[in-house]
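Just remember that our numbering sits 471 ahead of the position in the sequence shown, which is counted from 1.
Even for Gly, the Cβ is constructed at its ideal location relative to N, Cα and C.
Remember, it's a predicted structure, so these values are computed and weren't measured experimentally.
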Amino acid sequence: MLAVWKSKPEEGLEIKEDTEVPKIKPNEVLVKVGATSICGTDKHIYEWDKWAQERITKNVPYIFGHEVSGEVVDVGEATRGIKKGDRVSAETHIACWHCFQCKTGNAHICENVKILGVDVDGTFAEYVAIPWQNAWVNDPSLPHWVATAQEPLGNAVHTVFDGEVAGKSVVIFGMGPIGVCAAGLCHAAGAEKVIAVDPQDYRLKFAEDFGADVLLKPDGKHLERIMEETGGRGPEVMLEISGSSHALRDGLEVLRPGGRVSILGIFKEPVQVDVTNNIVFKGAKVHGINGRKMFESWYTAAAFLKSGKLDLSKLVTHRLKLTEIEKGFEALSSGEAMKVVLEP
Ligand SMILES: [Zn+2]
Ligand SMILES: [Zn+2]
Numbered sequence: 472m473l474a475v476w477k478s479k480p481e482e483g484l485e486i487k488e489d490t491e492v493p494k495i496k497p498n499e500v501l502v503k504v505g506a507t508s509i510c511g512t513d514k515h516i517y518e519w520d521k522w523a524q525e526r527i528t529k530n531v532p533y534i535f536g537h538e539v540s541g542e543v544v545d546v547g548e549a550t551r552g553i554k555k556g557d558r559v560s561a562e563t564h565i566a567c568w569h570c571f572q573c574k575t576g577n578a579h580i581c582e583n584v585k586i587l588g589v590d591v592d593g594t595f596a597e598y599v600a601i602p603w604q605n606a607w608v609n610d611p612s613l614p615h616w617v618a619t620a621q622e623p624l625g626n627a628v629h630t631v632f633d634g635e636v637a638g639k640s641v642v643i644f645g646m647g648p649i650g651v652c653a654a655g656l657c658h659a660a661g662a663e664k665v666i667a668v669d670p671q672d673y674r675l676k677f678a679e680d681f682g683a684d685v686l687l688k689p690d691g692k693h694l695e696r697i698m699e700e701t702g703g704r705g706p707e708v709m710l711e712i713s714g715s716s717h718a719l720r721d722g723l724e725v726l727r728p729g730g731r732v733s734i735l736g737i738f739k740e741p742v743q744v745d746v747t748n749n750i751v752f753k754g755a756k757v758h759g760i761n762g763r764k765m766f767e768s769w770y771t772a773a774a775f776l777k778s779g780k781l782d783l784s785k786l787v788t789h790r791l792k793l794t795e796i797e798k799g800f801e802a803l804s805s806g807e808a809m810k811v812v813l814e815p
């Protein structure tokens with residue numbers, strides 16, 4: 472089969488046409504990939520930055536990629552509830568199901584987690600093997616090229632619905648695909664006002680399209696604008712999806728006392744914040760968000776798609792052949808791309 476390998480611990484990738492189709496274990500299903508998409512993580516792996524060097528080196532050579540939608544073509548004898556012909560996406564956190572976290576309903580922060588396309592062979596291929604527990608059955612009407620983007624939507628669901636948003640003012644920092652989905656979810660779920668912050672016009676346009684009410688660039692005047700837009704009291708909810716330390720400090724600064732902060736962004740370095748004034752005295756609730764709740768986030772994401780209240784297809788800016796994957800990475804580097812979908 473065709474597969475995209477990270478074959479050497481350096482920048483780049485290798486496309487191989489003679490890769491063996493994975494042999495499934497008894498607990499796995501074999502998925503014929505209909506569409507796979509590029510995530511920020513894949514870009515780190517492709518470019519071989521510091522994170523990738525530290526995290527991935529021991530796994531090379533292997534097949535990367537983790538966002539997927541495809542059809543089940545084989546099932547192992549120990550699988551349950553998944554049958555040949557099902558259209559599935561993959562939850563990318565492969566949990567152990569026997570640690571403390573897994574046994575207490577927190578499989579998304581499993582102590583022994585393995586990540587699809589990071590620790591085990593991934594989805595940039597014609598076929599991928601995944602544990603049956605990780606196969607999420609899609610509505611048959613959802614095309615593969617849209618269903619593949621559900622994994623980032625699931626991240627947005629987890630972040631947005633970490634607390635209430637109906638009737639509340641929400642500021643969201645970072646308008647990549649997850650931030651844009653978060654804006655769309657807040658709007659659909661009845662937020663009073665959704666304020667989107669990002670330095671790029673291209674991304675703010677998507678936020679607007681998904682229902683953001685106020686679009687701001689972090690230009691120094693944006694904090695004043697956020698206060699004005701929230702009647703001088705500040706937003707009740709702040710979602711940090713940018714991974715920028717400035718954004719986190721800004722968000723905490725304007726947050727309304729008693730407000731909620733949910734942080735999905737990954738920061739390159741430890742961040743200094745005014746804990747005393749902006750968290751303790753404000754009585755702020757600050758939460759970290761990792762992955763998707765298994766599988767609550769998936770049910771919620773699927774419900775928003777099914778109801779038509781969120782049109783995920785609008786996020787897909789590129790549909791390329793899997794062999795054109797490098798073009799996809801170029802498009803993402805240019806800053807003029809949201810979700811790049813690859814079809815084998
Ligand atoms: Zn992803
Ligand atoms: Zn576990």
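Exercise for the section: Would you identify the three-state DSSP class for GLU724, choosing helix, strand or coil? Expected result: helix
Problem - Cα-Cα separation between HIS426 and ALA808, rounded to whole angstroms - result: This structure cannot settle anything about residue 426, because the visible part of the chain is limited to 472 through 815.
Exercise for the section: Kindly confirm or deny that the region 673-683 and the region 710-720 touch, where touching means at least three C-beta pairs closer than 8 Å. Expected result: no
Handout entry: Touch test, the region 724-736 against the region 634-644, Cβ-Cβ under 8 Å, three pairs minimum
Key = yes
Problem - Cross-strand partners of ILE586 (DSSP beta bridge) - result: BP columns for ILE586 point to HIS564.
Practice task
Confirm, please, whether the CB-CB distance from TRP769 to TRP607 is below 8 Å.
Solution key: yes
Handout entry: Opposing strand residues paired with MET709 [DSSP bridges]
Key = VAL642, VAL732
Problem - Segment contact flag, the region 655-664 with the region 623-632, C-beta cutoff 8 Å, min 3 pairs - result: yes
Practice task
For the region 558-578 and the region 596-614, state whether three or more C-beta atom pairs, one from each stretch, are separated by less than 8 Å.
Solution key: yes
Practice task
Would you check whether ligand 2 has a heavy atom nearer than 7 Å to the C-beta of GLN572?
Solution key: yes
Problem - HIS569 beta carbon near ligand 2 (any heavy atom closer than 7 Å) - result: yes
Problem - First and last residue of the uninterrupted alpha helix (DSSP H) at PRO648 - result: For PRO648, the enclosing alpha helix (DSSP H) stretches over residues 648-659.
Problem - GLY483 to GLU700 span [Cα, whole Å] - result: 45 Å
Exercise for the section: Consult DSSP for ARG551 and reduce its assignment to one of helix, strand or coil. Expected result: In the structure shown, ARG551 sits in coil (DSSP, three-state: anything other than H, G, I, E or B).
Handout entry: Residue range of the unbroken alpha helix (DSSP H) whose run includes ASP680
Key = 672-680
Exercise for the section: Could you tell me if THR575 is buried or exposed, where buried requires 16 or more neighbouring beta carbons within 10 angstroms of its beta carbon? Expected result: It counts as exposed.
Problem - Per-residue burial, ASP592 [other beta carbons within 10 Å of its own, 16 or more giving buried] - result: buried
Problem - GLU518 versus ILE534 - alpha carbon distance - result: 15 Å
Problem - Closest by C-alpha distance to ALA578, when choosing among PHE775, ASN761, LYS777, THR794 - result: ASN761
Handout entry: Pair within 8 Å by beta-carbon distance, CYS567 and HIS537
Key = no
Practice task
State whether the region 481-496 contacts the region 581-591, with contact taken as three or more CB pairs (one from each stretch) at a distance under 8 Å.
Solution key: The region 481-496, when compared against the region 581-591, does not touch it at the 8 Å Cβ threshold.
Practice task
May I ask which residues mark the beginning and end of the beta strand (DSSP E) holding TRP476?
Solution key: 474-477
Problem - For THR771, the three-state DSSP class (helix, strand or coil) - result: Note: THR771 maps to helix in three-state DSSP.
Handout entry: Residues of its chain near SER784, where Cβ-Cβ distance is below 6 Å and the 5 sequence neighbours each way are ignored
Key = VAL617
Exercise for the section: Report buried or exposed for ARG674, applying the criterion of at least 16 other Cβ atoms within 10 angstroms of its Cβ. Expected result: Classification of ARG674: buried, given that the 10 Å Cβ count is 16 or more.
Practice task
Check whether the Cβ of SER630 lies closer than 7 Å to any heavy atom of ligand 1, and answer yes or no.
Solution key: According to the sequence displayed, residue 630 carries Thr and not Ser. Checking the Cβ of THR630 against ligand 1 gives no.
Problem - Ordered list of alpha helix (DSSP H) runs contained in the region 574-619, each at least 4 residues - result: 615-618
Exercise for the section: Identify which residue in SER540, LYS503, LYS780, GLN671 has its Cα closest to the Cα of SER805. Expected result: Out of SER540, LYS503, LYS780, GLN671, GLN671 has the C-alpha closest to the C-alpha of SER805.
Problem - Beta-carbon spacing of THR507, LEU813 below 8 Å - result: yes
Exercise for the section: Determine the burial state of HIS564: buried for a count of at least 16 other Cβ atoms within 10 Å of its Cβ, exposed for fewer. Expected result: buried
Problem - Helix, strand or coil at THR507 [DSSP, three-state] - result: strand
Exercise for the section: Using a threshold of 8 Å, state whether the C-beta atoms of ALA772 and GLN621 are closer than that. Expected result: Cβ atoms of ALA772 and GLN621: closer than 8 Å.
Problem - Beta-bridge pairing of ARG558 - partner residues as DSSP gives them - result: By DSSP's assignment, ARG558 forms a beta bridge with GLU542.
Practice task
Compute the minimum distance between the beta carbon of ALA678 and the heavy atoms of ligand 2, and state whether it is under 7 Å.
Solution key: no
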